[in-house]
Every structure is written in C-alpha cells, then in structure tokens.
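Novice:
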Amino acid sequence: MQRAVAHQAPGATLLRQIVPAAKRRSISLTAQRPQIDRPLRGADFPELLPSAFSPTQSVTRRQDAVTCHAAAESGGQIPSQIPALEGIAESNKPASTAYLGMLFGGWYLFNIFFNTYNKQVLKVYPYPITFTNLQFGVGAAMAVTMWLLNLHQKPKLNKDVLSKVLPLACVHTLGNLLTNVSLGAVAVSFTHTIKAMEPFFSVILSAIFLNDKPTLPILLTLLPIVGGVALASASEVTFNWLGFGSAMGSNLTFQSRNVLSKKVMAGSKVDLDNINLFSVITIMSLFLLLPVTLLREGWVLAPSAIRAAGVVNVNLMLKRAILAAFCFHSYQQVSYMILARVSPVSHSIGNCLKRVIVIVASVIIFQNPMSQKNMLGTGIALGGVFAYSQAKRAGGAKLKKA
C-alpha cells in the first residue's frame, strides 16, 4: 500500500496545485481509482471555468489607438496572442486569414478606384482644395452614419479629447490636400513613386524629435529609396515642381503626424480606437478646410460653375468625384482595420505592395509613358521600401528577444 501511495504522489501534488486548499474535499489516495465523497462541481475550480478561456475576454484587449496609428511607420509591434489560447486561435485561423485577405484586397481596390476617379476629376476640373474637402465631407457622413446605425461604438468626446486630436487633424488635412495637389499636377505613378520616400522622413523626424536612432541596416535601405526616386524624377515625362514639391510635402506632413501623435498623445487618456480616431479626425478636417475652400476656390461644385469651366458631362464628373470621395474614406478605414489585425511592419509591407499595384494600374489605365530609367528608378525605390520594412522587422525581433 505504501508503494501504491508513493506511486500516486506526483498526481496528488498536481491535484493540490489545481484544487485550492480551502475547497479540497476528502479524497483517498489508493491503488484503485480515487474515491471522492461527492462529485466535484465547476464552482470548485473557478480558475478553470470556461469563461476564463473566453477569447473575447482574454484576447481582445483595447489597444491604444494613437500608438497603433503612429506605429504604422515606426516599426512597433502589436502584441501577439496569449500562448494559452493558441489552440483556440488555431481553429479560427482559416476564417481569419480569409477575412484578412479580403481586407487587403479591398484596400488595394479602393486605392485603385480612388486614384483613378480622383485623377479623372482633377484633370478636367483642377480644384484640389474643393475635392479634398468633398472627400472629408463624404467621409464624415459615412462616419456619422456608422454611429447612428450602431455599426460601431460611438466615441466619448469631450474638450480634452478634441484638444488632443486637433493637431493630428491639422496635419492630416494638410497631408491629404498636398497629395491631391500632386495627383492633379503629375502622373499618378509619379506621385506614388515620390511618396515611397516616406521612410526617409520617418527616420529623420524620429531621430530629431523622438531620439530614435536608426540602425545601420535601416540607414542603408534609405540609399536605394532616395536614389530610385531621384532616377525616376530625372526621367519623368510629366515632371513639374508643383507635383514633386507637394508630394514631398505630403511625405513630410504625414510623417510629422506620426511623430506628433507619439509626443502629444503619449500618456493621454484619449479613449478612441483606430476607427473612431480616424472618423473624428476626418470630421475635424472637414471643418478645418471648409473656410479655406470657400475663400480660396469658392463654391465651384455648382453645376453652372462646372459647365462654365468647359466640362461637358457635369453629372458624370460629379458622380466620379463622389465615388472618389467614397473610395478615399473606405481605403483609409480598411487600412486601420488591417492595422488592428497585423503588426505595423506587416502593414508597411502591405502598403509597399499597394504602391506597386496602384502604379501598375495607373500606367495601364491612363497609358502614361514610362521610360526604362523611370521604371528602373521606381523599382529601385520600391525595393528600398521593402528592404526598409524587413530591416525594421529584424530590429523589432532583436528587441523582442532582448
């Protein structure tokens, strides 16, 4: 009997670890099957109840939307799943992967349609401030509709929240306006080639304002980015300084937004997820740009004003302008949805692929002539962006191990 009890000792030790001492009942340890005075109930094992393994309670944790927003270009990592729930997450992987694939597909399609319709409209009716504001207006209407229909939780706004978000809305407004100015002035493919230089501005601004010193591999990846853009610019048929300068300005503005979000919002109590943050920024951008629109360009969306500018099919132009605005808000909304599901570095790689797809699509749709030097420069720049993303991922992995 002593030998039997000794043989069972490890099991007894494990049982003592699982069952709290206060809730342990009379359990006999014999060579036979253990006998229990009464059946054990779930209440005896509160830490093992099914609710403890609820994926919605354990895995779904509210992440700081602003940190995630800024991390898109800074190489931060979104927390991975809890190891104890890997088995549960594994069973949902096929559905999650398919849904993520649909999000990426929607992101790319909305981008193609936005750039196509936007270019078509700006080509015949060059009022970039008005159309940027129209895009904010349609986005604001979509956001309010989303809240009214309870498709997404309404944000809790107050004076403190709005004061924190206002600087982000200002640079968001300027960045999108400069992008539209560039899209109207030069070829879509050239604008997106210039915007491939975003990592360059991200590294510079992060080093200056956040004291985030780049590693040597990251610095090396900037060489093909800068060299590729320079080569593409020198051989671009549609090159002009307005398109080039505004695209560069949008790079500087958007990367300033990321740095600003880290400095201004760090440690703040702003309770906004990614979607609500973007929605609030869009609504604020609408009101920020509206007076500038009226003072600088006036009310140019009136059918009479459009006809006076020589546009033949007014209805078609307005339809494309509204579709461009819808796609503008949709692709940015989907981008935030993707960012909430993947690491910022993976999102950055997806953004690099998005630029490739948009450039190829625009060349096919608009039949823009591209010389061999231009194509080579674009390819080198985009290759540098991909290398930059890989360098950021490698750096993040080293920090994680450390």
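Just so we're aligned: 411 in this note's numbering is position 401 of the sequence shown, and the numbers increase by one with no gaps anywhere.
Beta carbons are placed, not taken as given, at the ideal position from N, Cα and C, and that holds for glycine.
Since the structure is predicted, the reported quantities are computational estimates derived from the model, not experimental observations.
To the nearest angstrom, how far is it from the Cα of Q342 to the Cα of W117?
Specialist: Position 332 of the sequence shown, counted from the start, is the residue given in the question as residue 342. Position 107 of the sequence shown, counted from the start, is the residue given in the question as residue 117. Near 8 Å, if we compare the C-alpha coordinates of W117 and Q342.
Novice: Ignore the nearest five residues each way along the sequence and tell me which others in P224's own chain have a CB closer than 6 Å to its CB.
Specialist: Stepping through the sequence shown from its first residue, residue 224 is reached at position 214. If we look at P224 and ignore the five residues flanking it on each side, its Cβ neighbours are V213.
Novice: If we ignore side chains and look at the alpha-carbon of each, how far apart do T126 and S372 end up?
Specialist: As a working note, residue 126 is residue 116 in the sequence shown. As a working note, residue 372 is residue 362 in the sequence shown. If you take the alpha carbons of T126 and S372, they lie about 7 Å apart.
Novice: Between P379 and the rest of its own chain, which residues show a CB-CB distance below 7 Å, the 5 nearest in sequence each way excluded?
Specialist: To locate residue 379, count along the sequence shown from 1; it is residue 369. Only V247 meet the Cβ criterion.
Novice: Under 9 Å, do F200 and A242 count as touching if we go by C-beta distance?
Specialist: As a position in the sequence shown, residue 200 is number 190, starting the count at 1. As a position in the sequence shown, residue 242 is number 232, starting the count at 1. The answer is yes: Cβ separation under 9 Å.
Novice: When the Cα atoms are used, what is the spatial distance from K364 to K279?
Specialist: The residue given as residue 364 occupies position 354 in the sequence shown. The residue given as residue 279 occupies position 269 in the sequence shown. Answer to the nearest angstrom: the Cα atoms are 33 Å apart.
Novice: Which whole-angstrom value describes the C-beta separation of A195 and N250, a residue pair presumed to lie in contact below a C-beta threshold of 8 Å?
Specialist: On the sequence shown, position 185 is the one that residue 195 refers to. On the sequence shown, position 240 is the one that residue 250 refers to. Confirmed, about 6 Å.
Novice: Does H182 get closer than 9 Å to chain D when you measure Cβ to Cβ?
Specialist: Structure shown: chain D not included; a single protein chain is present.
Novice: Roughly how many angstroms lie between the CA atoms of M207 and N190, to the nearest whole one?
Specialist: Start at 1 with the first residue of the sequence shown, and residue 207 comes out as number 197. Start at 1 with the first residue of the sequence shown, and residue 190 comes out as number 180. Those two C-alpha atoms are separated by around 17 Å.
Novice: Name the residue from N384, V355, S356, S358 whose alpha carbon lies nearest to the alpha carbon of I369.
Specialist: Counted from its first residue, the sequence shown places residue 369 at position 359. If we check each option's Cα against that of I369, N384 comes out closest.
Novice: Under the three-state reduction of DSSP, which class applies to L392: helix, strand or coil?
Specialist: Here the question's residue 392 lines up with position 382 in the sequence shown. L392: helix per DSSP, three-state reduction.
Novice: Sorted by chain position, which residues of the same chain lie with C-beta nearer than 7 Å to L24's C-beta, five sequence neighbours on each side aside?
Specialist: Residue mapping note: residue 24 aligns to position 14 of the sequence shown, counting from 1. Any reading at L24 must be qualified, since the residue scores a pLDDT of 43, below 50, and its modelled position is unreliable; no value is offered.
Novice: Closer than 8 Å by C-beta to W309: which residues in its own chain qualify, once you throw out the five before and the five after it? Chain order, please.
Specialist: Taking the first residue of the sequence shown as 1, we reach residue 309 at position 299. Result list for W309: A315, in chain order.
Novice: F396 to P354, Cα distance in whole Å?
Specialist: Residue numbering aside, residue 396 sits at position 386 when the sequence shown is read from its first letter. Residue numbering aside, residue 354 sits at position 344 when the sequence shown is read from its first letter. Going by the C-alpha atoms only, they are around 13 Å apart.
Novice: Taking 9 Å as the cut-off, decide whether the C-beta atoms of Y398 and T231 are in contact.
Specialist: Your numbering for residue 398 matches position 388 in the sequence shown. Your numbering for residue 231 matches position 221 in the sequence shown. Taking 9 Å as the Cβ cut-off, Y398 and T231 qualify as a contacting pair.
Novice: Compare the beta carbon distance of R317 and V324 with 9 Å and say whether it is the shorter of the two.
Specialist: Sequence index remark: in the sequence shown, residue 317 carries index 307 (1-based). Sequence index remark: in the sequence shown, residue 324 carries index 314 (1-based). Closer than 9 Å, so yes.
Novice: What separation, rounded to the nearest whole angstrom, lies between the Cα atoms of M347 and P227?
Specialist: Taking the sequence shown and counting its residues from 1, the one referred to as residue 347 is at position 337. Taking the sequence shown and counting its residues from 1, the one referred to as residue 227 is at position 217. If I take the Cα positions, the gap works out to 30 Å.
Novice: In terms of residues, what are the limits of the alpha helix (DSSP H) holding Y341?
Specialist: For the purposes of this step, residue 341 is identified with residue 331 of the sequence shown, where counting begins at 1. Y341 -> alpha helix (DSSP H) spans 324-349.
Novice: What span of residues does the alpha helix (DSSP H) with T189 cover, start to end?
Specialist: Within the sequence shown, the letter at position 179 stands for residue 189. Where T189 is concerned, the enclosing alpha helix (DSSP H) stretches over 169-195.
Novice: DSSP on Q163, reduced to helix/strand/coil?
Specialist: If you number the sequence shown from 1, residue 163 lands on position 153. Note: Q163 maps to coil in three-state DSSP.
Novice: Helix, strand or coil for T225 per DSSP?
Specialist: For the purposes of this step, residue 225 is taken as residue 215 along the sequence shown, with counting starting at 1. DSSP places T225 in coil when its eight states are reduced to three.
Novice: Whole-angstrom Cβ separation of T140 and T303, contact assumed at under 8 Å?
Specialist: For the purposes of this step, residue 140 is identified with residue 130 of the sequence shown, where counting begins at 1. For the purposes of this step, residue 303 is identified with residue 293 of the sequence shown, where counting begins at 1. T140 to T303, Cβ: 5 Å. Contact.
Novice: Around the Cβ of L296, are there at least 16 other Cβ atoms within 10 angstroms (buried) or fewer (exposed)?
Specialist: Numbered from 1 along the sequence shown, position 286 holds the residue referred to as residue 296. By the 10 Å Cβ count, L296 comes out buried.
Novice: Using the Cα positions of K133 and S358, report the straight-line distance between them to the nearest angstrom.
Specialist: Position 123 of the sequence shown, counting from 1, holds the residue named residue 133. Position 348 of the sequence shown, counting from 1, holds the residue named residue 358. C-alpha separation (whole angstroms): 30 Å.
Novice: Would you kindly work out how many angstroms separate the C-alpha atoms of I367 and F336, rounded to a whole number?
Specialist: As a working mapping, residue 367 is identified with position 357 in the sequence shown. As a working mapping, residue 336 is identified with position 326 in the sequence shown. Near 20 Å, if we compare the C-alpha coordinates of F336 and I367.
Novice: Determine the closest residue to K164 out of G320, F288, K205, with distance taken between C-alpha atoms.
Specialist: Locating residue 164 in the sequence shown gives position 154, where the first residue counts as 1. K164 has its Cα closest to that of F288, out of G320, F288, K205.
Novice: Taking the C-alpha atoms as reference points, what is the distance between A319 and P136?
Specialist: Locating residue 319 in the sequence shown gives position 309, where the first residue counts as 1. Locating residue 136 in the sequence shown gives position 126, where the first residue counts as 1. A319 and P136: Cα-Cα distance of roughly 10 Å.
Novice: Going by CA-CA distance only, name the one from A391, N168, L178, I122 that's closest to T374.
Specialist: For the purposes of this step, residue 374 is taken as the residue at position 364 of the sequence shown. Note that residue 374 corresponds to Ile in the displayed sequence, not to Thr. Here the closest residue by C-alpha is I122.
Novice: Within 10 angstroms of the Cβ of L172, are there 16 or more other Cβ atoms? Answer buried if so, exposed if not.
Specialist: Working through the sequence shown from its first residue, we reach residue 172 at position 162. It is exposed - the Cβ of L172 has fewer than 16 other Cβ atoms within 10 Å.
Novice: The alpha helix (DSSP H) spanning Q145 covers which residue range?
Specialist: For the purposes of this step, residue 145 is identified with residue 135 of the sequence shown, where counting begins at 1. Start and end: 138-158.
Novice: Under 8 Å Cβ to Cβ from N261, same chain only, skipping five residues before and after it: list those, please.
Specialist: Sequence index remark: in the sequence shown, residue 261 carries index 251 (1-based). Closer than 8 Å at the Cβ level, and outside the excluded window around N261, lie I204, K205, M207, E208, F210, F211.
Novice: Report the residue from Q377, P138, F338, S216 whose alpha carbon sits nearest the alpha carbon of L193.
Specialist: As a working mapping, residue 193 is identified with position 183 in the sequence shown. Answer by Cα proximity: P138.
Novice: What three-state label does DSSP hand V236 in the structure shown?
Specialist: For the purposes of this step, residue 236 is taken as residue 226 along the sequence shown, with counting starting at 1. Reduced to three states, the DSSP call for V236 is helix.
Novice: I'd like the span of the alpha helix (DSSP H) that includes V207, first residue to last.
Specialist: Taking the first residue of the sequence shown as 1, we reach residue 207 at position 197. The sequence as given places Met at residue 207; Val does not occur at that position. No alpha helix (DSSP H) holds M207; DSSP gives it neither H nor E.
Novice: Which of helix, strand or coil does DSSP assign to A244?
Specialist: Counting from 1 along the sequence shown, the entry for residue 244 is found at position 234. Helix at A244.
Novice: Pick out whichever of E307, G394, F338 has its Cα sitting closest to the Cα of C362.
Specialist: Here residue 362 is taken as the residue at index 352 of the sequence shown, counted from 1. Checking every option, the nearest Cα to that of C362 belongs to G394.
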